[in-house]
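Encoded as C-alpha cells, the structure appears first; notes follow it.
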Amino acid sequence: MAEHAVHPAYPVGLRLSGRRVVVVGGGQVAQRRLPALIAAGADIVLVSPSATASVEAMADAGEIRWERRVYADGDLTDTWYALIASDDTAANDAASAEAERTRTWCVRSDDADAATAWTPATGRSEGITVAVLTTDGQGGRDPRHSAAVRDAIVEGLRDGTLAAPHHRTRTPGVALVGGGPGDPDLITVRGRRLLAEADVVIADRLGPRDLLDELPPHVEVIDAAKIPYGRYMAQEAINNALIEHAKAGKSVVRLKGGDPFVFGRGMEEAQALAAEGIACTVVPGISSSISVPGAAGIPVTHRGVAHEFTVVSGHVAPDDERSLVDWSAVARLRGTLVLLMAVDKIGAIARALIAHGKSPDTPVALVQEGTTAAQRRVDATLATVGERAEAEDVRPPAVIVIGDVVVVGTTTTGSSVE
Ligand SMILES: C[S@@+](CC[C@H](N)C(=O)[O-])C[C@H]1O[C@@H](n2cnc3c(N)ncnc32)[C@H](O)[C@@H]1O
C-alpha cells in the first residue's frame, strides 16, 4: 500500500441514509463509532459473537441488526461502507480482503495502512460538522493531533470565539440566559456562545460577571440594577430596556444568575417580550439551589438519607401576611430544605420550623458566594443558625441547606466537588 501512503486522504461526506453498513466486531471501537452511523441513518448490520452492553442496547432498541456470529465471506455483499474492528485479526484480514475485492470503502481499527478509508476526528456545533484528518509526516494518520485540532475548533465554535464573520448566527431578539451560580466555567456552552454573539448584554449582579470582561469592546453591557426606573417598577424598567434594544434590531442577551426560571423572574420577562411580538430564547442555567450546596460538599439528596429536596424562597418572613409559603407544611417534609434569599430571615424561619415540629438539632449549612473565589460555609443547627449567621456575618448571596445531608459529606474524606 506504499503508493497510497504518500498521498493525503481525500475528504468526503458519506450520505449513508438507508444504505447497508457492516460493522465487524462489537467492542469499544464499534461502541464509539455506532452512534454517528445511526445518526446518519445507515442500515447497520453488526457481525460479532459478542458486544459491549452499550452496543447490545443499540441492538435491543432496533438501531442496528446484530448477527451473533463471526464474520463470514459474503457479509459485505451490497455494502457501501464497512467498519472492521474485531479483536480477531484473521477475521479482520478476511473482511478487509473482501472489502478490497468488492470495492467497499473500509475502515480498519487494527491496521490503518490496510484500510481504504480513515475516520476523521469529528465534532458538531449548531449545524456545523467539523472533520479533521492530520498526517504524521510519513503519510500515516495522527489521530491524537486530529482530535486536539477538532476539540479546539469545536470549542471555538461553541463559545463563539471562532465564527465565520459573514455567517455569524446572530439570534434576533432576546436570549434569557441562565449564567449559573457565579463561576464563569459553569455557564452552558450555548449560553456562552450567545453571549459572545450579543450586541447588548443586560446582566444581573449574581451570575458569572467575570465573563463580561471578555466581551469585545463594541458590546454594550448594561447593569440591570442600574437601569433607572423612575415611574416604573425596576422589573418593568428592565423589560422596557429589553424591548427597546430588541426593537432596535440588536441581539440581546439577558444574563441572569443560576437558572432564569428559579426565582429569576424569567417568565415575566419572556411574557413582556411575547406581548411585544419579540422572539425570546430561554437557555437554562445551573441553579445555585443545587450547585452551591454541591460546591460546598453537600449533596441535596443522598441514598438512605434524603429522597427529596425542596427549594423555598425565604424572601418574605414567615409571619408576614404576604408570605406564600406554608411553613407548617415545609416543617413536616422529611427531605432536604434548600432556602434561597433567606439570610436576613433565617432566625425567624428556623424558629417557625422548630415551632411546627422540626428538630432543633437538624443540621444547617449556610454557603455564601458559592462557586466563586470568596465561597465560605458556616455550619449550625436549626436551634443555633440565627445566632451563627449573625455572629459569622453571613451575607447574601447565600444558599441555606437544612437536613441530614449537610453532614454526610463531612464523613467522606478526600472527595472534591468542582
Ligand atoms: C433571586 S434568587 C436567583 C436564583 C437563581 N435564579 C438560581 O437559579 O440560582 C437569588 C438567590 O440565589 C442564591 N444564590 C445565587 N447565586 C449564589 C451563589 N453563588 N452563592 C450562594 N447563593 C447564591 C441566593 O440565595 C440568592 O439570594
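Here the sequence shown is numbered in this note's numbering, starting from 1019 and rising by one per residue. Just so you know, even glycine gets a beta-carbon here, dropped at the ideal spot from N, CA and C.
Annotated three-state conformation of Thr-1120 is helix, per DSSP. Within the segment 1089-1136, the complete alpha helix (DSSP H) runs of at least 4 residues fall at 1107-1120.
A heavy atom of ligand 1 is found nearer than 7 angstroms to the CB of Ala-1416. In the three-state scheme derived from DSSP, where H, G and I count as helix and E and B as strand, Gln-1156 is classed as coil.
Annotation: Ala-1132 to Glu-1326 spans about 56 angstroms, alpha carbon to alpha carbon. In the assembly as shown, Met-1251 is an exposed residue. Its beta-carbon has fewer than 16 other beta-carbons within 10 Å. Distances from the alpha-carbon of Arg-1210 to those of Pro-1317, Gly-1178, Asn-1257 put Gly-1178 closest. Residue pairing for His-1320: DSSP places it in a beta bridge opposite Ala-1324. Asp-1241 carries a strand assignment under DSSP once its states are collapsed to helix, strand and coil.
In this model, His-1320 and Ala-1366 are separated by some 28 angstroms (Cα to Cα). Under a 10 Å Cβ-count criterion, Leu-1342 is classified as exposed, with fewer than 16 other Cβ atoms of the shown protein chains found around its own Cβ. In the same chain as Val-1073, and ignoring 5 residues on each side of it, the C-beta atoms closer than 6 angstroms to its own belong to Gly-1044, Ala-1048, Gln-1049, in chain order.
Exclusion of Lys-1363 from the 7 angstroms shell around ligand 1 follows from its C-beta lying no nearer than that to any non-hydrogen atom of the ligand. Annotation for Gly-1141: the continuous beta strand (DSSP E) segment containing it runs 1139-1143. Separation of the CB atoms of Arg-1272 and Leu-1194 is rounded to 5 angstroms, and the pair is thereby assigned contact status at 8 angstroms.
Among the bridge pairs identified by DSSP, Gly-1196 is matched with Lys-1274.
Note on geometry: alpha-carbon atoms of His-1163 and Thr-1152 lie some 7 angstroms from one another. Collapsing the DSSP output to three states places Pro-1311 in a helix. If you draw a straight line from the Cα of Met-1076 to the Cα of Arg-1033, it comes to about 21 angstroms. Scanning the segment 1360-1420 from its first residue to its last, the whole beta strand (DSSP E) runs of 3-plus residues come out as 1381-1386, 1394-1399, 1416-1420.
About 11 angstroms separates the beta carbons of Ser-1309 and Val-1280, which is beyond the 8 angstroms limit, so they are not a contact pair. In this structure, the beta-carbon distance from Gly-1275 to Gly-1225 falls below 8 angstroms. By the neighbour-count definition (other C-beta atoms within 10 Å, threshold 16), His-1025 is an exposed residue.
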